[in-house]
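First up is the structure itself, then whatever we jot down about it.
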Amino acid sequence: MGTTLLAAGIGTTSAAKSDDAESIQKTSLTFADQSPHYGTVYVTDVTLPEDGFIALHDASFFTEGPVVGVSAPLAKGTYSKLPVEFTEYPDGPLTVAAIAHQDTPSDGVFTYPDDGDQPFLDDGAVVHDTAWISPE
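My numbering runs 27 ahead of the 1-based position in the sequence shown.
Pasting the structure below:
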């Protein structure tokens, strides 16, 4: 199984993507506590059964709080150490939920919540993981 490097955001940040996308059936992700590096955090592992995005939501009060960052458009597959840049650098520590979103309509533009791009669901629950983000 080979890997392909995909550029995400501005600069040279990248994530390893698995080529074995045909067998993916279930959405999953893991996100660990960390400090942003130049406004970017890394989602540890992501598996998408179809094209989508990873959106960072301020989860200080509820999981699907305001969007505070979005990945580049992602093709279905498995990714490791996926970079996601904050839209604004956080002023202080906060709880962030990384949520897997569908790309619907399939246009490569994140339009949640206005025009689609709803979260992926697993048994009726939003696929997400939370992390404590502590700016340096």
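In this text, a Cβ means the ideal position worked out from N, Cα and C, and glycines have one as well. All figures in this text were calculated on a predicted structure; none of them were measured in a lab.
Here's the rule: buried if 16 or more other CB atoms are within 10 angstroms of the residue's CB, otherwise exposed. What is residue i?
i, result
"Tyr106", "buried"
"His64", "exposed"
"Leu148", "exposed"
"Asp85", "buried"
Looking at residue j and residue i, is the spacing between their C-beta atoms short of 9 Å?
i, j, result
"Gly119", "Lys103", "no"
"Thr125", "Ala82", "As written in the sequence, residue 125 is Ala, which differs from the Thr given in the question. In contact: Ala125 and Ala82 (Cβ atoms closer than 9 Å)."
"Phe113", "Gly135", "no"
"Val70", "Tyr139", "no"
"Lys130", "Asp144", "Lys is not the amino acid found at residue 130; the sequence shown has Asp there. Contact flag set, yes."
"Val154", "Phe58", "no"
"Pro91", "Pro146", "For the record, residue 91 in the displayed sequence is Glu; it is not Pro. Yes, these two residues count as a Cβ contact at 9 Å."
If you draw a straight line from the C-alpha of residue i to the C-alpha of residue j, how long is it?
i, j, result
"Ser161", "Thr67", "12 Å"
"Leu101", "Phe137", "11 Å"
"Asp60", "Leu109", "14 Å"
"Thr74", "Ala99", "15 Å"
"Asp72", "Glu163", "23 Å"
"Leu121", "Pro76", "29 Å"
"Leu56", "Phe88", "21 Å"
"Ala48", "Thr54", "Residue confidence for Ala48 is low, a pLDDT of 49 falling below 50, so the modelled location carries little weight; the figure read from the coordinates is stated next. Taking the straight line from one Cα to the other gives about 12 Å."
"Asp156", "Gln52", "19 Å"
What residue does the beta strand (DSSP E) around residue i start on, and which one ends it?
i, result
"Tyr139", "No beta strand (DSSP E) holds Tyr139; DSSP gives it neither H nor E."
Quick check: is the beta carbon of residue i nearer than 9 Å to any beta carbon in chain D?
i, result
"Val94", "The displayed structure is made up of one protein chain only, and chain D is not part of it."
Quiz item: What runs of the beta strand (DSSP E), each 3 residues or longer, lie entirely inside the region 105-129?
Solution: 121-129
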